[in-house]
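**Q** Can you read through this structure? Questions will come right after.
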Ligand code: NAD
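Numbering (my numbering), first residue to last: 2 to 257.
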């Protein structure tokens, strides 16, 4: 379905980003990966799906590097048809104890990077008359949790940015939508499981039970594969008139 298209997924060396990159690759899209850590493993996983894969190591907290990444993607594949703004970090502390540098980093990586990548991707999409922008928000783009001030503020911002991007392009073939997962067991969440296990003196499995039990009625993690399938739907013809939604996949978290 996406043969001949190019998808750039930020923060795709791990977790949800890699799951979405693989789901888009399985539909035939060439992929530009981005993110830190091991690169060869994720590149091989995507290439095994029979598409072309490139990598750019831009630090998403640095607008100049985002500009370089977008130029690199255009030089490699002609243009970016599908942009998935996924890179994100977390930091947990009460507001009065929240380090200002952590606030600045979360706003830069989780929110401002999506603005920069979007503003740089739109002109080529507009010239082509087709594009898909998918923003990884979170249920924390819709509701809050204590001790996550920067993350909740950034994710509410991502939902707002999604709506504006959708509206400004509403008469074109470019759509923009947000995905709002509940808990997904990635390295980002494993750190929170570890912190809970240490704080309560319980095992990893018990800490997972506590974490899911607090918020997620299904008591199940959403998987990167399920989120990848939702991204594929947004890119499909059936998604042509889905514009500006914040679509939760959260085991009932926000239904309460
Ligand atoms: P993860 O830690 O597994 O992956 C994060 C990715 O972002 C990695 O590839 C990492 O290298 C990259 N990254 C981090 N800082 C970066 C930077 N400065 N520049 C470039 N890349 C950078 O996390 P994840 O759980 O897969 O999270 C992906 C997205 O999904 C994030 O936006 C996160 O907020 C969101 N999300 C996650 C969950 C969850 O439960 N895991 C729930 C809701 C939303």
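From the three backbone atoms N, C-alpha and C, an ideal C-beta is built for every residue, glycine too.
1. If we call anything under 7 Å between Cβ atoms a contact, is residue 182 one with residue 223?
2. Which class does residue 209 belong to by DSSP, given the choice of helix, strand or coil?
3. If I follow the unbroken beta strand (DSSP E) through residue 1, where does it start and stop?
4. Who are the near neighbours of residue 77 in its chain, counting only those whose CB is closer than 6 Å to its CB and skipping five residues on each side?
5. Return yes when the Cβ of residue 170 is within less than 7 Å of the Cβ of residue 118, no when it is not.
6. Roughly how many whole angstroms lie between the Cα atoms of residue 57 and residue 79?
7. If you compare alpha carbons, which of 153, 71, 98 and 103 is closest to residue 116?
8. In chain order, which beta strand (DSSP E) runs of at least 3 residues are fully inside the segment 102 to 178?
9. Out of 83, 100 and 197, which one is the CA nearest neighbour of residue 175?
10. With DSSP run on the structure shown, which of helix, strand or coil describes residue 218?
**A** Concretely, from the data shown:
1. Against a cut-off of 7 Å, the Cβ pair of residue 223 and residue 182 comes out as a contact.
2. Helix, per DSSP.
3. Limits of the chain in this structure are 2 at one end and 257 at the other, which puts residue 1 out of reach.
4. These residues qualify, in order along the chain: 55.
5. Cβ distance not < 7 Å, so residue 118 and residue 170 don't count as in contact.
6. Cα-Cα distance, rounded: 15 Å.
7. Checked all of 153, 71, 98 and 103; the closest Cα to residue 116 is 71.
8. Within the segment 102 to 178, the complete beta strand (DSSP E) runs of at least 3 residues are 132 to 137.
9. Nearest option by C-alpha distance: 83.
10. For residue 218, the three-state secondary structure derived from DSSP is coil.
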